[in-house]
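One structure is given here, and the rest of the page talks about it.
Protein chains: 6
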Amino acid sequence: MEANLDDQAGEGLGYVMTQLLAAGAYDVYFTSIQMKKNRPAIKLSVLSAPSDRLALTKLILAETSTIGVRYQTWHRTIMRRHFVTATTPYGPVKIKVATYDGIIKKTPEYADCASLARIQQVPLMMVYQAALAALEQLDEEG
Amino acid sequence: MEANLDDQAGEGLGYVMTQLLAAGAYDVYFTSIQMKKNRPAIKLSVLSAPSDRLALTKLILAETSTIGVRYQTWHRTIMRRHFVTATTPYGPVKIKVATYDGIIKKTPEYADCASLARIQQVPLMMVYQAALAALEQLDEEG
Amino acid sequence: MEANLDDQAGEGLGYVMTQLLAAGAYDVYFTSIQMKKNRPAIKLSVLSAPSDRLALTKLILAETSTIGVRYQTWHRTIMRRHFVTATTPYGPVKIKVATYDGIIKKTPEYADCASLARIQQVPLMMVYQAALAALEQLDEEG
Amino acid sequence: MEANLDDQAGEGLGYVMTQLLAAGAYDVYFTSIQMKKNRPAIKLSVLSAPSDRLALTKLILAETSTIGVRYQTWHRTIMRRHFVTATTPYGPVKIKVATYDGIIKKTPEYADCASLARIQQVPLMMVYQAALAALEQLDEEG
Amino acid sequence: MEANLDDQAGEGLGYVMTQLLAAGAYDVYFTSIQMKKNRPAIKLSVLSAPSDRLALTKLILAETSTIGVRYQTWHRTIMRRHFVTATTPYGPVKIKVATYDGIIKKTPEYADCASLARIQQVPLMMVYQAALAALEQLDEEG
Amino acid sequence: MEANLDDQAGEGLGYVMTQLLAAGAYDVYFTSIQMKKNRPAIKLSVLSAPSDRLALTKLILAETSTIGVRYQTWHRTIMRRHFVTATTPYGPVKIKVATYDGIIKKTPEYADCASLARIQQVPLMMVYQAALAALEQLDEEG
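Protein chains in written order, with my numbering: chain F, 1 to 142; chain L, 1001 to 1142; chain Y, 2001 to 2142; chain C, 3001 to 3142; chain B, 4001 to 4142; chain V, 5001 to 5142.
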């Protein structure tokens, strides 16, 4: 789903993003665009399940200044995901393991690292690097 | 319709936007993108009726540096619109009333507010706020 | 203060923004830029009091991937501000009144409108427009 | 001069740009930025003579939602300019000749090319290329 | 094909662009977007033949932080192309001639102009303008 | 140093970036801006030593379409840097160690990781994560 907004202030858009995510959108993002009459504007993009399209369209029409929403169907290739836990000097961090046709990717959860960083009063980067090192050792042992 | 332009100066693009709108495009907008070889570039997007696609494609090929145009069909959900007139201390302002499934939105026409602001030598924001107040009172009376 | 970041993921930047604001920065914003070797990057900009510069510089160096921060002094022309309260059908809304050399601007506080919208289950735009109408009537009475 | 705007719709900004240029600004441009609370915003930049700063500041404060404007002094290195006229198959085109320390640049005026393109009903690119060819021959003869 | 990336540094993206082009993508470009939680992010877009889709999808999943790729089919209108050579004072330059339904566009190859500019130690703009002038004379003779 | 460019194609700008870096600029980056008459444009920013300013200004004036360059002096806070080498399963990787007032940051050199990834035919992300893990172990031993 997409809508071009040239008559809406940025303040309101932060609010709309929160509402769309709460209403079940997979993802919501803004792209800066340039419209006619020298107007800087924002394109609002919403990715959702087909079954949520109508409810999210109504939310966009009610909460933003646009009078039209355009939409299209996309196909998706998604990796399978599961979670493991790695132990770092700062505490446990959840690791997202994604797999697809021989590809394996492991990424520490940012939210976990950020909350450890806040509690331990250390930079987020240090926690994140420690989590990466911990998962590397996990591999060698596993 | 979309085309990526990395060998066209910005000056020419302002001209092309005017021409595409004059030729019947619903909407024309630019998105800044980054292409290969460190080239900043512009994606030109055109929304139009399917029947205008061929004429607008020819216009893009003739007036821009691109040698290809890609296109796709979108569906649209559009609110019904009509106009009423509100009276402000600065003069009359046309109000766009948009309705869809119980949602009602009223927005003052910017062009009207801007021309009143110019004539009355007051900031556009004051005229716009007065128009919003006037339409709020319209509701209570109506 | 400014720093160019081409080796930092966006996830970490949201975290840094929160921390810089908590540490006393007036304003923090990101600008998308394009650096060498086809790298999309982010310029982090921080506006602060001169007395906070050192502490905020250390925070940027500790929390982001940059190894340098550049800075400059800006002058500012700021409007005087006070707050009044307007009554809307949805509840009271704080209004920011800003004045400077004959210019008077009144803007409803977004946070107030957003919390009323959430409580009353109505679109934020309706609350905001009602607040604007209420402040217009405030003028006529005052 | 710079101001960050997160509570102003794009429609109003096109109007402000026109007004600032009419009031004597050398150049006015918008940069898309990202502010706190997920707000997409616009940075308004104005380049002007120091003597116009106060009047343009008042215009920004009156016409936009910002309550503060920051400013700084820049130095400039500017090429000397004069104009010559080149003859193309479509009509005469003014050529801007800029010189600085041995560098000579000649660029056809876009406005002239655009008006010839409109009158002769040919693509702007053809007129522009013809103007470039004409100025190249100018060199050989001169 | 498209993927939104909010947990990947810009450095890695330059590398991915090179790899995708080497693997047969028609075009690869980045768009700056704004995602939830104040995260600046990059949308990676890849245009390719349908037959290359699977291989390129695997490359994106292996080399970037995303765990999903979405895709869609676009139609394209492409001009026919051939090349001629123009003679400039700096050396020969290949000219791309594109034709479609009566439209003819001629553009000097940037790579040729850039290598001549490097060899002759002159600004690229001078070589480019000379190439445009040369192709204009080509027309008159032809 | 800064220059606004609205009459230059993106192709030429990639070339200019390479030349400015070769001529000694610390950093060169592009920002997408929106100028008058609906023109999308690029702001070219160059960071350099004061002693290189004149030569780089001449290069900008000779190679781009701008007829003016503006400049300003910035102060900088820079971390001290040295390099160590870490051993990964894919080969040795140079690690940049930056220090400032108690802050220590270690980042693997992207160029090293990228060349190992190419030689070993593995994803760059795997090499980069291995380098981060290796430097974490370096700490424990050191």
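Even for Gly, the Cβ is constructed at its ideal location relative to N, Cα and C.
- Look at the stretch 19 to 48 of chain F: the residues with a C-beta under 8 Å from a C-beta of chain C are F30, S32, M35, K37, N38, R39, P40, A41 and I42.
- A4114, P4123, L4124 and M4125: these are the residues of the stretch 4113 to 4136 of chain B whose beta carbon lies less than 7 Å from some beta carbon of chain V, given in chain order.
- Straight through space, the alpha carbons of M3126 of chain C and L20 of chain F are spaced by roughly 48 Å.
- Judged by DSSP secondary structure, D2112 of chain Y falls within the alpha helix (DSSP H) whose first and last residues are Y2110 to Q2120.
- Between L5005 of chain V and A133 of chain F, the beta carbon gap of about 45 Å keeps them out of contact (Cβ cut-off 8 Å).
- For the pair of segments examined, the stretch 5077 to 5089 of chain V was found not to touch the stretch 3104 to 3120 of chain C: the number of CB pairs separated by less than 8 Å stays below three.
- The Cβ of Y1071 of chain L sits closer than 8 Å to at least one Cβ of chain B.
- Counting C-beta pairs closer than 8 Å gives fewer than three between the stretch 2049 to 2066 of chain Y and the stretch 3048 to 3068 of chain C, which falls short of the contact rule.
- L4061 of chain B has a beta carbon lying within less than 8 Å of a beta carbon in chain F.
- Three or more Cβ pairs drawn from the stretch 4071 to 4078 of chain B and the stretch 71 to 85 of chain F lie within less than 8 Å of each other, which places the two stretches in contact.
- Residue-level contact check: M4001 of chain B does not touch chain Y, since none of the beta carbons of chain Y fall below 8 Å from its beta carbon.
- For the stretch 63 to 92 of chain F, the beta-carbon criterion of a distance under 8 Å to any beta-carbon of chain L is satisfied by S65, I67, G68, V69, R70, Y71 and Q72.
- Each residue's CA atom was taken as its position, placing L4124 of chain B and E4109 of chain B some 12 Å apart.
- The three-state reading of DSSP puts G5012 of chain V in helix, counting H, G and I together.
- For the 8 Å CB-CB criterion, N4038 of chain B and G2012 of chain Y do not form a contact.
- Neighbours of G2012 of chain Y across chain F, judged by C-beta separation under 8 Å: Y110, L124, M125 and Y128.
- In the same chain as K2094 of chain Y, and ignoring 5 residues on each side of it, the C-beta atoms closer than 7 Å to its own belong to F2083, T2085, E2109 and D2112, in chain order.
- The beta carbons of R53 of chain F and M1 of chain F sit about 7 Å from each other, so the pair counts as a contact at 8 Å.
- Taking A4003 of chain B as the centre and dropping the five residues before and after it, the same chain places the C-beta of K4043, L4044, I4060, T4064, T4066, G4068, V4069 and R4070 closer than 8 Å to its C-beta, in chain order.
- Secondary structure at T77 of chain F: strand, using DSSP grouped into helix, strand and coil.
- In the DSSP assignment, A5062 of chain V falls within the alpha helix (DSSP H) that extends over R5053 to E5063.
- By the 16-neighbour rule on beta-carbons within 10 angstroms, S2051 of chain Y is exposed.
- Between A5023 of chain V and P5092 of chain V, the alpha-carbon positions lie close to 31 Å from each other.
- Using a Cβ-Cβ cut-off of 7 Å, A1098 of chain L is close to I67 of chain F, given in chain order.
- Bounds of the beta strand (DSSP E) holding I5033 of chain V are D5027 to M5035.
- Exclusion of the five residues before and after V122 of chain F leaves Y90 as the residues of its chain whose Cβ lies within less than 7 Å of its Cβ.
- Here Y1128 of chain L is buried: its Cβ has 16 or more other Cβ atoms, across all protein chains shown, within 10 Å.
- In the three-state scheme derived from DSSP, where H, G and I count as helix and E and B as strand, A5098 of chain V is classed as strand.
- Straight-line measurement puts the Cα of M5035 of chain V at about 8 Å from the Cα of D3027 of chain C.
- Per the DSSP secondary-structure output, Y5071 of chain V pairs in a beta bridge with C:H3075.
- Membership of S48 of chain F in any beta strand (DSSP E) is not indicated, and neither H nor E is assigned to it by DSSP.
- Contact between I4033 of chain B and T107 of chain F is ruled out by a C-beta separation of about 20 Å, above the 8 Å threshold.
- A1023 of chain L: not part of any beta strand (DSSP E); DSSP gives it neither H nor E.
- Below the 8 Å Cβ cutoff, chain V contributes T5077 as neighbours of T2057 of chain Y, in chain order.
- For A41 of chain F, the beta-bridge partners assigned by DSSP are F:I33.
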